[in-house]
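**Student:**
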Amino acid sequence: MRFIKFTIAFLIFFTTLQFSAFAQQDSVVLDNIIKKTKKLTDERPVEKVYLHFDKPYYSVADTIWFKAYLTMEQNLLSQLSKIVYVDVINDRDSLVQSLKLPVLGGMAYGNIPLNVGTYQQGNYYIKAYTLWMLNFGEDYFFSKNMAIGEAIDKQLNTHFSYKATETDKSQVIDATIQFKNRDNVVQTNKAVNWRVLSNYDVIAKGKGTTDQNGILRIKIDPRKSEKIKNGELITDLSLTEKDVVTNSFKFKPVTAAANDLQFFPEGGELITGIASRIGFKAINGKGQGVDLKGSVTDEGGNKLIDFSSTHLGMGSFYINAEAGKSYKANVIFNDGSTKSFDLPKSIASGITAQVNNTDSTAFNLKIIANDAYFQAGKGKTFFIVATNGAIIYYAAKTRLNTQVTTAKIPKDKFPAGIVQITLFNEAGEPVSERLAFNYQPDGLKLGLKSDLPTYKPRQKVKLAVTAKNGAQLSEGFFSIAVTDEQKVPVDENSEITILSSLLLTSDLKGYVEKPNYYFNKTNAKKLADLDVLMLTQGFRRYAYKEILANKYPPITFLPEQSMTLTGTLRDRTGMPVRKGILRLTVPGTTQAAEIQTSPSGIFAFQNLTFQDSSDVVINAKYSVNGQGPMIMLDGQPAPQVSGNPYPADEISNIDSTMSSYLNNSKRKYNYLRTLKEVKIEGAKAKRPSHADYPALSGLSSISGTVIEGERFSGCNILALCLQSMATGLTFYENNFYVSRDYQQGSRVPVQIFLNGMPIDYFGLSSVQAADVENVEVFTKDELGTVNRMYNTNGVLVINTKKIPKGTKMSMEEFKKLIPDPSVLKLKPKGYSKQREFYSPKYVNAAATYNFNDLRTTIYWNPKVVTTAEGGLSFEFYNADGKGTYKAVIEGVDKHGNIGRYVYRYTVK
Numbered sequence: 083m084r085f086i087k088f089t090i091a092f093l094i095f096f097t098t099l100q101f102s103a104f105a106q107q108d109s110v111v112l113d114n115i116i117k118k119t120k121k122l123t124d125e126r127p128v129e130k131v132y133l134h135f136d137k138p139y140y141s142v143a144d145t146i147w148f149k150a151y152l153t154m155e156q157n158l159l160s161q162l163s164k165i166v167y168v169d170v171i172n173d174r175d176s177l178v179q180s181l182k183l184p185v186l187g188g189m190a191y192g193n194i195p196l197n198v199g200t201y202q203q204g205n206y207y208i209k210a211y212t213l214w215m216l217n218f219g220e221d222y223f224f225s226k227n228m229a230i231g232e233a234i235d236k237q238l239n240t241h242f243s244y245k246a247t248e249t250d251k252s253q254v255i256d257a258t259i260q261f262k263n264r265d266n267v268v269q270t271n272k273a274v275n276w277r278v279l280s281n282y283d284v285i286a287k288g289k290g291t292t293d294q295n296g297i298l299r300i301k302i303d304p305r306k307s308e309k310i311k312n313g314e315l316i317t318d319l320s321l322t323e324k325d326v327v328t329n330s331f332k333f334k335p336v337t338a339a340a341n342d343l344q345f346f347p348e349g350g351e352l353i354t355g356i357a358s359r360i361g362f363k364a365i366n367g368k369g370q371g372v373d374l375k376g377s378v379t380d381e382g383g384n385k386l387i388d389f390s391s392t393h394l395g396m397g398s399f400y401i402n403a404e405a406g407k408s409y410k411a412n413v414i415f416n417d418g419s420t421k422s423f424d425l426p427k428s429i430a431s432g433i434t435a436q437v438n439n440t441d442s443t444a445f446n447l448k449i450i451a452n453d454a455y456f457q458a459g460k461g462k463t464f465f466i467v468a469t470n471g472a473i474i475y476y477a478a479k480t481r482l483n484t485q486v487t488t489a490k491i492p493k494d495k496f497p498a499g500i501v502q503i504t505l506f507n508e509a510g511e512p513v514s515e516r517l518a519f520n521y522q523p524d525g526l527k528l529g530l531k532s533d534l535p536t537y538k539p540r541q542k543v544k545l546a547v548t549a550k551n552g553a554q555l556s557e558g559f560f561s562i563a564v565t566d567e568q569k570v571p572v573d574e575n576s577e578i579t580i581l582s583s584l585l586l587t588s589d590l591k592g593y594v595e596k597p598n599y600y601f602n603k604t605n606a607k608k609l610a611d612l613d614v615l616m617l618t619q620g621f622r623r624y625a626y627k628e629i630l631a632n633k634y635p636p637i638t639f640l641p642e643q644s645m646t647l648t649g650t651l652r653d654r655t656g657m658p659v660r661k662g663i664l665r666l667t668v669p670g671t672t673q674a675a676e677i678q679t680s681p682s683g684i685f686a687f688q689n690l691t692f693q694d695s696s697d698v699v700i701n702a703k704y705s706v707n708g709q710g711p712m713i714m715l716d717g718q719p720a721p722q723v724s725g726n727p728y729p730a731d732e733i734s735n736i737d738s739t740m741s742s743y744l745n746n747s748k749r750k751y752n753y754l755r756t757l758k759e760v761k762i763e764g765a766k767a768k769r770p771s772h773a774d775y776p777a778l779s780g781l782s783s784i785s786g787t788v789i790e791g792e793r794f795s796g797c798n799i800l801a802l803c804l805q806s807m808a809t810g811l812t813f814y815e816n817n818f819y820v821s822r823d824y825q826q827g828s829r830v831p832v833q834i835f836l837n838g839m840p841i842d843y844f845g846l847s848s849v850q851a852a853d854v855e856n857v858e859v860f861t862k863d864e865l866g867t868v869n870r871m872y873n874t875n876g877v878l879v880i881n882t883k884k885i886p887k888g889t890k891m892s893m894e895e896f897k898k899l900i901p902d903p904s905v906l907k908l909k910p911k912g913y914s915k916q917r918e919f920y921s922p923k924y925v926n927a928a929a930t931y932n933f934n935d936l937r938t939t940i941y942w943n944p945k946v947v948t949t950a951e952g953g954l955s956f957e958f959y960n961a962d963g964k965g966t967y968k969a970v971i972e973g974v975d976k977h978g979n980i981g982r983y984v985y986r987y988t989v990k
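The opening residue of the sequence shown carries number 83 in our numbering; numbering runs sequentially from there.
And the structure:
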């Protein structure tokens, strides 16, 4: 149940206490703010999704285990949506897998098998969302970078580094690669051919030989007009005369010149005559924080103050701006480079809200008006409104009788998380705003305790769970993961946890580096750094100016309450069929449903439950003049497939960074190694290609890329799959474009061909993905024959499988092959298959088992439920690994309090 909770209070002037009754017009202004804020939360409640994974990274052949927590205002488990989606996107911005999970009580459970062949080494991006969240944009989605390594058939381990030097006229990139075999033996004196791609074009290439340390040094010197912004280095190393191994390395050259510094005056504006706190944030070209030190000077070159960053390039300082003066910050970054930046211009008249957040019990608020603003607004009414998650918990009023007004806003009125404190003038317009974080050390306390301090390998472990809110045991829902920390080391500051996600990053704009730093062994220093983050990071939830102007986010999608199939039943003339009868069945199951269409022919099968890839049949019993009607099924809304929004989290050297994990995976999955292929060549069957058609014979296979038909397995709609799989092309408004030209402003579309015949994008709807032999993508038409004829740029060729020759058939037999439009057979997106985590039980003596237990996830339980009676515990068995085992419990109680706890024990 959601509700609004707020307190109307009077502010305390810094000299005396002045109380007065609300004037009627004052009450109207405040009531308007409260009413419109309540309308936002009532009609557009924001859902959040958080995924708790069993591990921070994986290898091919692993299974990703996770639990989804779906919350809304006050972090209560959501009752709004009943379905959550989880997408896996690779580093080429292609959708690899999509899961659809049922939500029960605000929670869902899932797993992703990382099948050999489907997944390969690289950085993947996982996002989770509900259909309701599509109304508010992808900023609200849960997102996480997930590194996946390869340890089965990997022949080479590599370590890549580079340094870029750039001027206005040139760019030089010095790259270094070390090659080792799967046993970590350096590969000396090996011939290597290399090439560099940028915007899908080869802009540099060469060859070299590794030195005695297995290192190859490459100097990349592109032409001025071809400076690399996002590049890919591809190497071909010859292990033997016939055994060539290819590796690719993505890089984004950045130099010290890309370092940037931004300033954020507290309250929103730098005001003349007020000692103002200014937050700052310095980042490099990759978006990561870069530390600095510097000084502020005025226009005359006089130094006013020295300052330095305190955490990840962030910090703050105070300055009292004088009228008519400008200021500059002269800084030295930690890479030794220097730059100067202008501070924001001060405004001549203004009022600001400043917050001191060092008191554990209250936000100490100070409202300061400079001389000009005070003289013009003396005696006028101002309002303070403080919210958490768009719910008002505190509202106050004061009159501008002095230049400085102070107040204490009790923290116990707010839940944990970001508090937005906004100052309004008497017209109800927001004039100053400050974010502050409400840290609650006495919130939900989780605990884990093992029955022994140390254990032996394969020994049974008993862990007791406690959840307390104050002195009372708490009822809640949690998930627990136990891992072997020697095999799965992790930087805890960089982790995305339930605390950092639901309390912090889900409410902030932009990238937050090392988000769990603020919640990992929190102390006064980290709370001070968190306060600086509140100064420098924007709030993503809403802007009061838009709300007060009745500009609310438009609602396009309603919350999904069940799995639903919708569409329209039409007769052969295209007119809707009213009161038509439709029957849905799922072959092989007992599930069936029968419904009647609306007066406009619309139908909706609701409360469906079937697994993904299930066959579903919809049959229309109604007929017109002896002819069956047509079933037109609606499409399923989905977000656009996009790249990782936070590429700074990607791991550039997976082999070396995840070496402990991958060495274990190499032993664990040794049985999956594939034998080297022995080719017995005979006469090759000719495959369909563009060369079969004279109009396309001028296209060069060298410049084209081929998507084999097998990759469309499981694809329901070919046109949608091509949007993410056609490398080098960008899809926009029913056309494909060559990406490099599209990014430069060109809007000349790609010409599509189906078996040599030109078609448009809508023509793809007639092609079944299962009938595709291959798809050829040509981002260049060297001879220009196609481009000139069709006034296009680039070519997309779909080649379907050749129909085998058969015997002649009668007309009756032919008619049987034509699909009945009144019967629709499809494989809609169903719920992903549920699996149980396997945890072995060693009930006999260890010597009786003749296999190695190389597990990295020792135990995973997403269904931990605590009660007010307590007494919860669970048991599992250790693996063979010795050292420290790490147990993590996360979750939320029934009141929306969020908790996380890490416990370690030793195996000797």
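The C-beta atom is built at its ideal place from N, Cα and C for all residues, glycine as well.
What you are looking at is a predicted structure, and each value in this text was computed from that prediction instead of being measured.
(1) Given a cut-off of 8 Å on the beta-carbon distance, is the pair Tyr476 and Lys495 in contact?
(2) On a Cα-Cα basis, can you pick out the residue from Pro711, Pro535 and Phe456 that is closest to Lys990?
(3) Does the stretch 281-290 come close enough to the stretch 300-309 that 3 or more CB-CB pairs lie under 8 Å?
(4) Could you give the DSSP three-state label for Leu908: helix, strand or coil?
(5) Does the stretch 743-750 touch the stretch 231-245, meaning 3 or more C-beta pairs lie closer than 8 Å?
(6) Cβ-heavy atom distance between Asn271 and the ligand FAD below 7 Å?
(7) Please classify Leu581: does DSSP put it in a helix, a strand, or coil?
(8) Under three-state DSSP, which class holds Met893?
(9) Would you report the Cα separation of Thr89 and Ala478, rounded to the nearest angstrom?
(10) Straight-line CA distance for Lys490 to Gln436?
(11) Report the rounded CA-to-CA distance for Gly888 versus Arg660, giving the unit in angstroms.
(12) Measuring only the C-alpha atoms, how far is Val372 from Gly397?
(13) Assuming Thr679 contacts Leu690 (C-beta within less than 8 Å), just tell me the rounded distance between them.
(14) Evaluate contact between the stretch 860-875 and the stretch 908-915, counting only Cβ atoms and requiring at least three cross-stretch pairs below 8 Å.
(15) Quick check on the DSSP output: what are the complete beta strand (DSSP E) runs of length 3 or more inside the stretch 656-699, in order along the chain?
(16) Using the DSSP secondary-structure output, state which residues sit across from Gln554 in a beta bridge.
(17) Looking at the structure shown, is Glu220 part of a helix, part of a strand, or coil, going by DSSP?
(18) Is DSSP giving Thr874 helix, strand or coil here?
(19) By Cβ distance, which residues of its chain are closer than 6 Å to Thr328, with the 5 residues on each side in sequence left out?
(20) Could you check whether the stretch 464-474 touches the stretch 415-432, counting it as contact only if at least three pairs of C-beta atoms, one from each stretch, sit closer than 8 Å?
(21) I need the straight-line Cα distance from Lys945 to Tyr728, nearest angstrom please.
(22) How many angstroms separate the CA atom of Lys251 from the CA atom of Ala286?
(23) With DSSP collapsed to three states, give me the class of Pro347.
(24) Which residue marks the beginning of the alpha helix (DSSP H) containing Thr739, and which one marks its end?
(25) Let me check understanding here. Comparing Cα to Cα, which of Glu508, Pro523, Lys531 and Gln502 lies closest to Leu517?
(26) Might you give, ordered along the chain, the residues of its own chain that have their beta carbon closer than 7 Å to the beta carbon of Phe956, omitting 5 neighbours on each side?
(27) Let me confirm a value: Gly978 is counted as buried when at least 16 other C-beta atoms fall within 10 Å, else exposed. Which label applies?
(28) Would the beta-carbon of Thr153 fall within 8 Å of that of Ile629?
(29) For Gly981 versus Ala364, is the C-beta spacing smaller than 8 Å?
(30) Residues in the same chain with beta-carbon distance under 6 Å from Asp417, minus the five sequence neighbours each way, listed in chain order, please.
(31) Measuring CA to CA, which of Phe345, Ile401, Tyr207 and Asn483 is closest to Gln139?
(32) Is it true that the CB of Glu314 sits closer than 8 Å to the CB of Leu965?
(33) Report the residue from Lys385, Ile885, Leu394 and His393 whose alpha carbon sits nearest the alpha carbon of Tyr409.
(34) Can you round the beta-carbon distance between Val947 and Phe559 to whole angstroms, since I take them to be within the 8 Å contact cut?
(35) If you compare alpha carbons, which of Glu220, Ser695, Gly710 and Gln693 is closest to Tyr701?
(36) Give the DSSP bridge partners of Trp147, in chain order.
**Tutor:** This is what the structure holds:
(1) On the sequence shown, residue 476 is found 394 positions in, with the first residue counted as 1. On the sequence shown, residue 495 is found 413 positions in, with the first residue counted as 1. For Tyr476 and Lys495, yes; Cβs fall inside 8 Å.
(2) Residue 990 sits at position 908 when you count from the first residue of the sequence shown. That would be Pro535, whose Cα lies nearest to the Cα of Lys990.
(3) yes
(4) Taking the first residue of the sequence shown as 1, we reach residue 908 at position 826. The answer is strand: DSSP assigns Leu908 an E or B state.
(5) yes
(6) This structure lacks the ligand FAD; in fact it carries no ligand of any kind.
(7) Counting from 1 along the sequence shown, the entry for residue 581 is found at position 499. It is helical.
(8) Your numbering for residue 893 matches position 811 in the sequence shown. Note: Met893 maps to helix in three-state DSSP.
(9) As a working mapping, residue 89 is identified with position 7 in the sequence shown. As a working mapping, residue 478 is identified with position 396 in the sequence shown. Because Thr89 carries a pLDDT of 42, less than 50, the predicted location of this residue cannot be relied on, and the following value inherits that uncertainty. Their backbone Cα atoms lie some 8 Å apart in a straight line.
(10) Working through the sequence shown from its first residue, we reach residue 490 at position 408. Working through the sequence shown from its first residue, we reach residue 436 at position 354. Using only the alpha carbons, I get a separation of about 12 Å.
(11) Locating residue 888 in the sequence shown gives position 806, counting from the first residue. Locating residue 660 in the sequence shown gives position 578, counting from the first residue. Straight-line Cα distance between these residues: approximately 43 Å.
(12) As a working mapping, residue 372 is identified with position 290 in the sequence shown. As a working mapping, residue 397 is identified with position 315 in the sequence shown. Between Val372 and Gly397, the C-alpha separation is close to 11 Å.
(13) Position 597 of the sequence shown, counting from 1, holds the residue named residue 679. Position 608 of the sequence shown, counting from 1, holds the residue named residue 690. No, Thr679 and Leu690 are not in contact; Cβ-Cβ is about 17 Å, not under 8 Å.
(14) no
(15) 663-667, 674-678 and 684-690
(16) The count along the sequence shown starts at 1 and reaches residue 554 at position 472. DSSP output for Gln554 lists Asn551 as bridge partner(s).
(17) To locate residue 220, count along the sequence shown from 1; it is residue 138. Helix.
(18) Position 792 of the sequence shown, counting from 1, holds the residue named residue 874. Looking at Thr874 - three-state DSSP - the assignment turns out to be coil, as it is neither helix nor strand.
(19) On the sequence shown, residue 328 is found 246 positions in, with the first residue counted as 1. Once the five neighbours on either side are set aside, the close Cβ partners of Thr328 are Asp318.
(20) no
(21) Translated into the one-based positions of the sequence shown, residue 945 becomes position 863. Translated into the one-based positions of the sequence shown, residue 728 becomes position 646. Roughly 30 Å separates the two Cα atoms.
(22) The residue labelled residue 251 in the question sits at position 169 within the sequence shown. The residue labelled residue 286 in the question sits at position 204 within the sequence shown. Each residue's Cα considered, the two are about 17 Å apart.
(23) On the sequence shown, residue 347 is found 265 positions in, with the first residue counted as 1. Three-state result, Pro347: strand.
(24) Taking the first residue of the sequence shown as 1, we reach residue 739 at position 657. Its alpha helix (DSSP H) spans residues Ile736 to Thr739.
(25) Taking the sequence shown and counting its residues from 1, one reaches residue 517 at position 435. Taking only the C-alpha atoms, the option nearest Leu517 is Gln502.
(26) Here the question's residue 956 lines up with position 874 in the sequence shown. If we look at Phe956 and ignore the five residues flanking it on each side, its Cβ neighbours are Leu545 and Asn943.
(27) Start at 1 with the first residue of the sequence shown, and residue 978 comes out as number 896. Buried: at least 16 other Cβ atoms inside 10 Å.
(28) The sequence position of residue 153 within the sequence shown is 71, counting from 1. The sequence position of residue 629 within the sequence shown is 547, counting from 1. Not a contact, by the Cβ cut-off of 8 Å.
(29) For the purposes of this step, residue 981 is taken as residue 899 along the sequence shown, with counting starting at 1. For the purposes of this step, residue 364 is taken as residue 282 along the sequence shown, with counting starting at 1. The answer is no: Cβ separation not under 8 Å.
(30) Counting from one through the sequence shown, the residue named residue 417 turns up at place 335. If we look at Asp417 and ignore the five residues flanking it on each side, its Cβ neighbours are Ala338.
(31) Residue mapping note: residue 139 aligns to position 57 of the sequence shown, counting from 1. Reading off the sequence, residue 139 comes out as Tyr, not Gln. Per the Cα distances, Tyr207.
(32) Taking the first residue of the sequence shown as 1, we reach residue 965 at position 883. Taking the first residue of the sequence shown as 1, we reach residue 314 at position 232. It is worth fixing the name first, because residue 965 is Gly in this sequence and not Leu. No, the pair does not count as a contact, with Cβ atoms beyond the cut-off.
(33) Here the question's residue 409 lines up with position 327 in the sequence shown. With distances taken between Cα atoms, Tyr409 lies closest to Lys385.
(34) As a first step, residue 947 is located in the sequence shown; it is residue number 865 there, counting from the start. As a first step, residue 559 is located in the sequence shown; it is residue number 477 there, counting from the start. Sure, about 6 Å apart at Cβ, within 8 Å.
(35) On the sequence shown, residue 701 is found 619 positions in, with the first residue counted as 1. First, the amino acid is wrong: residue 701 is Asn here, not Tyr. Among Glu220, Ser695, Gly710 and Gln693, the Cα nearest to that of Asn701 belongs to Gly710.
(36) Looking up residue 147 in the sequence shown gives position 65. In DSSP, Trp147 forms a bridge with Asn193.
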